[in-house]
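Report on the following structure.
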Amino acid sequence: MKRTIYLIISLSFTLCVAMAFTPPNQGETLQAIGNIKDLPITLQRALNPSNDFETVSVPNSGDWLAEHFEPGQSFDNFISITPAKPDRHRNKIYLQPLGDFIDGQSPSLEKLKAYTASYFMMDTNILPVLPIMGSKLTIRRNPYTRNRQILTHDVLILLKKRRPLDAFCVLAITMEDLYPDPSWNFVFGQASPQDRVGVFSFARYDPVFYGEKRRKNFQGVLLRRSCKVLAHETGHMFSLAHCIYFQCLMNGSNHLQESDARPFSLCPVCLRKLQFSIGFDVVDRYQKLLDFYKRVGFENEAGWVSKRLKWILN
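Throughout the sequence shown, residue numbering follows mature numbering (1 follows the signal peptide of the UniProt record, and there is no 0), covering -20 to -1, 1 to 294 in sequence.
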């Protein structure tokens, strides 16, 4: 009997208490990157941390690494598990909008598509919107917020049934709140990596959800948060575990402040894993990300990528 393992994405629940986390030293981080001397010179430089990456610091109380034990996943560890990789038959990422994405109140689907395509250097497509009403998904009213919520398990089953033949993965994105079980208050998302499907909610990134007013820069903040969580969770589809080596997009997060503090960039350890799986040109990828960041006004990210490109090409 096949067992299905689900990945719960929640910034609000602590399921275990970790041992005190000690940040890896320089030797351990270099060992996690692995032997790169036989790689092309531009890739070697892209995987050299130089001064562009900050190492992970000692977590504060309530942070992910203070409350969750993470053994770390070096590049060699990653290779040993036979990670999920696209092939000539399954080589596209599909975004499945679930429910309405209203202009001015939701992140732009086209921008999310462009970001995903640039970040993973893969053909990315948006599927037709899947209406909630009539979809036979289990819906409830949250007992605390009274907001409508969708049961994630139903969504994952539906995505698996509807998954295109050429899909590496299908990611449902929604402005509706989610819950994984009647005993839970909410969850930000849930995924089944072996089935290559996941569902992620942006609802709680909107101040209106908490009865607050949207600020002037609301759309920019919402897009930043949405891009970041989408890339992080898609990274898990490629078998990337949480990062404990550098400040990295693949760091775990236990609360919204910690999630906001995560960088958009992949550290050298995680970049090597993703490049191994997909086979993209790192310079081309950084250039496409630079173009995207400039286009949407992510000035800090554009500045970082520009600096990184100069280092690689020097």
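Every residue gets a Cβ at the ideal spot worked out from N, C-alpha and C, and that includes glycine.
Using DSSP with H/G/I as helix, E/B as strand and the rest coil, what is residue i?
i: Cys250; result: helix
i: Leu289; result: helix
i: Asn71; result: coil
i: Gly42; result: coil
i: Asp157; result: strand
i: Cys149; result: strand
i: Arg226; result: Strictly speaking, residue 226 in this sequence is Phe, with Arg absent from that position. Residue state, collapsed to three classes: strand.
i: Ser172; result: strand
i: Arg143; result: coil
i: Leu78; result: strand
i: Thr9; result: helix
i: Ile21; result: helix
i: Asn105; result: strand
i: Thr88; result: Per the sequence presented here, residue 88 reads as Ser, with Thr not at that position. Here Ser88 sits in coil by DSSP.
i: Thr35; result: strand
i: Arg265; result: helix
i: Ile119; result: strand
i: Phe180; result: strand
i: Gln237; result: helix
i: Gln129; result: strand
i: Leu110; result: strand
If I'm right that residue i touches residue j with Cβ under 8 Å, what's the distance once you round it to whole angstroms?
i: His133; j: Pro160; result: 7 Å
i: Tyr225; j: Val249; result: 5 Å
i: Trp284; j: Ser245; result: 7 Å
i: Glu34; j: Gln227; result: 4 Å
i: Ile13; j: Phe55; result: 6 Å
Give me the Cα-Cα distance between residue i and residue j, rounded to the nearest whole angstrom.
i: Gly178; j: Gln11; result: 32 Å
i: Thr9; j: Ala183; result: 36 Å
i: Arg194; j: Thr62; result: 45 Å
i: His287; j: Lys268; result: According to the sequence shown, residue 287 is Lys rather than His. So the alpha carbons of these two residues sit roughly 14 Å apart.
i: Arg143; j: Leu136; result: 10 Å
i: Asp175; j: Asn165; result: 25 Å
i: Cys210; j: Thr96; result: Note that residue 210 is Leu in the sequence shown, not Cys. Roughly 8 Å separates the two Cα atoms.
i: Leu289; j: Tyr266; result: 7 Å
i: Ser86; j: Asp32; result: 32 Å
i: Leu202; j: Tyr185; result: 6 Å
i: Thr214; j: Tyr124; result: 30 Å
i: Ser60; j: Gly114; result: 44 Å
For residue i, collect the residues of the same chain with a Cβ closer than 8 Å to its Cβ; drop the 5 residues on either side in sequence, then sort them by chain order.
i: Lys274; result: Ala282
i: Ala147; result: Arg70, Lys72, Ile73, Tyr74, Arg176
Going along the chain, which residues of its own chain have a beta-carbon closer than 6 Å to the beta-carbon of residue i, five neighbours each way excluded?
i: Leu107; result: Tyr74, Gln76
i: Asn127; result: Asp157
i: Gly52; result: Ile224
i: Cys207; result: Tyr95
i: Pro4; result: Tyr225
i: Leu151; result: Leu75, Gly178
Sorted by chain position, which residues of the same chain lie with C-beta nearer than 7 Å to residue i's C-beta, five sequence neighbours on each side aside?
i: Ser181; result: Thr154, Glu156, Asp157, Leu158, Phe168, Gly169
i: Phe272; result: Ala94, Tyr95, Ser98
Output yes if chain B places a C-beta closer than 8 Å to the C-beta of residue i; else output no.
i: Asp175; result: Structure shown: chain B not included; a single protein chain is present.
Per the contact definition of three or more C-beta pairs closer than 8 Å, is the region 216 to 228 in contact with the region 188 to 205?
-> Contact annotation: the region 188 to 205 does not touch the region 216 to 228, with fewer than three C-beta pairs closer than 8 Å.
Below 8 Å, can you find three or more Cβ-Cβ pairs linking the region 143 to 157 to the region 37 to 46?
-> no
On the three-pair Cβ rule with 8 Å, is the region 16 to 31 touching the region 236 to 243?
-> no
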